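So the structure is just underneath, and the comments pick up after that.
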DNA sequence: AGTACGTCCTGATCGC
DNA sequence: TGCGATCAGGACGTAC
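In the numbering used here, the protein residues as written are 588 to 837.
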């Protein structure tokens, strides 16, 4: 895709466009050339030769398909970005949770994001500083993108399970040893999911990819904990469904 | 300032 | 078996 230019865009669900206005978004895209495809946290970035950046957030259920413009599009395609080679970058989004931006300054847009958990800068010390002074449940803090960039609800549960830490523990009250365990668990959960996804990509029939991820902790009430055999519990933390093992996570 | 919660959406799943 | 009700969640706005 890098090197291709946009000839236009068909935005079928206007609410997805966050900034700027729909008109400016479409006008700003037309004729601009894609320079690269990048990622920051849960955002996909397409820097353009105009200096602006097309930013995509897939939400929970979003996906991208590159196909010829005359091919019939899937009914869940909410938008299509037309390329100058006759193809279209189609944006599937059944639940309409995805978001689009045309950012004049992408670095400004991501100024408040925390460290990338799979990069070297994400150390136990960095995590410890992020937790300090916060009295909210550790699970709620893990979902703050300013603390760790890119952790979602299921990954937070998985990380806390692997670390043996109860999701309702107050963030600032974790010991240094627990913080290190949590840091390592976050890295393990994410890199494990990436590895599973890469394996699954070899077989497109296994889509959607989220189904590929085999979580260590069962996301089912009463299911046996793989570590101790006890029943998995379900609670809500800040309105988010949360699964844990009350015996292993303290 | 720090914390909590409602809102948007619709496919999948649950319970009667 | 069928159908209506409920659940799921990322980021932002609003409220306390």
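Ideal Cβ positions, reconstructed from N, Cα and C, are used throughout, including at glycine. In this text, all values refer to a predicted model and were calculated from it rather than measured experimentally.
Ordered list of alpha helix (DSSP H) runs contained in the segment 735-821, each at least 4 residues: Considered as a whole, the segment 735-821 harbours 740-750, 763-788 as its complete alpha helix (DSSP H) runs of no fewer than 4 residues, in chain order.
Residue 726 classed as buried or exposed, judged by whether at least 16 other C-beta atoms fall within 10 angstroms: Locating residue 726 in the first chain gives position 139, counting from the first residue. Its Cβ being crowded by 16 or more others within 10 Å, residue 726 is buried.
Local Cβ density within 10 Å of residue 678, reported as buried at 16 or more and exposed below that: Locating residue 678 in the first chain gives position 91, counting from the first residue. Sixteen is the threshold: when 16 or more other Cβ atoms of the shown chains lie within 10 Å of the Cβ of residue 678, as they do, the residue is buried.
Alpha carbon of residue 641 to alpha carbon of residue 732, nearest angstrom: Your numbering for residue 641 matches position 54 in the first chain. Your numbering for residue 732 matches position 145 in the first chain. Whole-angstrom Cα-Cα distance: 20 Å.
Residue 828 - DSSP class collapsed to helix/strand/coil: On the first chain, position 241 is the one that residue 828 refers to. Here residue 828 sits in strand by DSSP.
Per-residue DSSP class, three states only, for residue 839: What the structure shows of the chain is the stretch from 588 to 837, and residue 839 is not part of that stretch, so it cannot be assessed.
Buried versus exposed call for residue 768 [16 or more other C-beta atoms within 10 Å across all chains shown]: Numbered from 1 along the first chain, position 181 holds the residue referred to as residue 768. Residue 768 comes out buried.
Whole-Å CB distance - residue 777 paired with residue 702, under 8 Å assumed: For this step, residue 777 is matched to residue 190 along the first chain. For this step, residue 702 is matched to residue 115 along the first chain. A Cβ-Cβ separation of about 12 Å leaves residue 777 out of contact with residue 702 under the 8 Å criterion.
Residue 620 - DSSP class collapsed to helix/strand/coil: Sequence index remark: in the first chain, residue 620 carries index 33 (1-based). Strand at residue 620.
Runs of alpha helix (DSSP H) wholly within the segment 685-724 (minimum 4 residues, chain order): Every alpha helix (DSSP H) stretch that sits fully inside the segment 685-724 and reaches 4 residues is listed by chain position as 693-696, 711-718.
Assigned exposure category for residue 765 - 16 Cβ within 10 Å defines buried: The count along the first chain starts at 1 and reaches residue 765 at position 178. Residue 765 should be labelled buried.
For residue 656 and residue 637, the rounded distance between their alpha carbons: The sequence position of residue 637 within the first chain is 50, counting from 1. The sequence position of residue 656 within the first chain is 69, counting from 1. Roughly 24 Å between the two C-alpha positions.
Assigned exposure category for residue 745 - 16 Cβ within 10 Å defines buried: Start at 1 with the first residue of the first chain, and residue 745 comes out as number 158. Per the 10 Å Cβ criterion, buried.
The segment 596-606 touching the segment 658-675, judged by at least three CB pairs closer than 8 Å: Using a Cβ-Cβ distance cut-off of 8 Å, the segment 596-606 and the segment 658-675 are in contact, since at least three pairs of beta carbons, one from each stretch, lie closer than that value.
Straight-line Cα distance separating residue 593 from residue 739: In the first chain, counting from the first residue as 1, residue 739 sits at position 152. In the first chain, counting from the first residue as 1, residue 593 sits at position 6. One C-alpha to the other measures close to 31 Å.
Residues that residue 676 bridges to, as DSSP identifies them: Taking the first residue of the first chain as 1, we reach residue 676 at position 89. Residue 676 pairs with 653, 668.
Range covered by the beta strand (DSSP E) that runs through residue 632: Working through the first chain from its first residue, we reach residue 632 at position 45. Where residue 632 is concerned, the enclosing beta strand (DSSP E) stretches over 630-634.
Pick from 690, 806, 750 that is closest to residue 613, judged by C-alpha positions: As a working mapping, residue 613 is identified with position 26 in the first chain. Looking at the Cα atoms, 690 is the closest of the given residues.
Nearest-angstrom Cβ-Cβ length linking residue 814 and residue 835, presumed shorter than 8 Å: On the first chain, residue 814 is found 227 positions in, with the first residue counted as 1. On the first chain, residue 835 is found 248 positions in, with the first residue counted as 1. The beta carbons of residue 814 and residue 835 sit about 5 Å from each other, so the pair counts as a contact at 8 Å.
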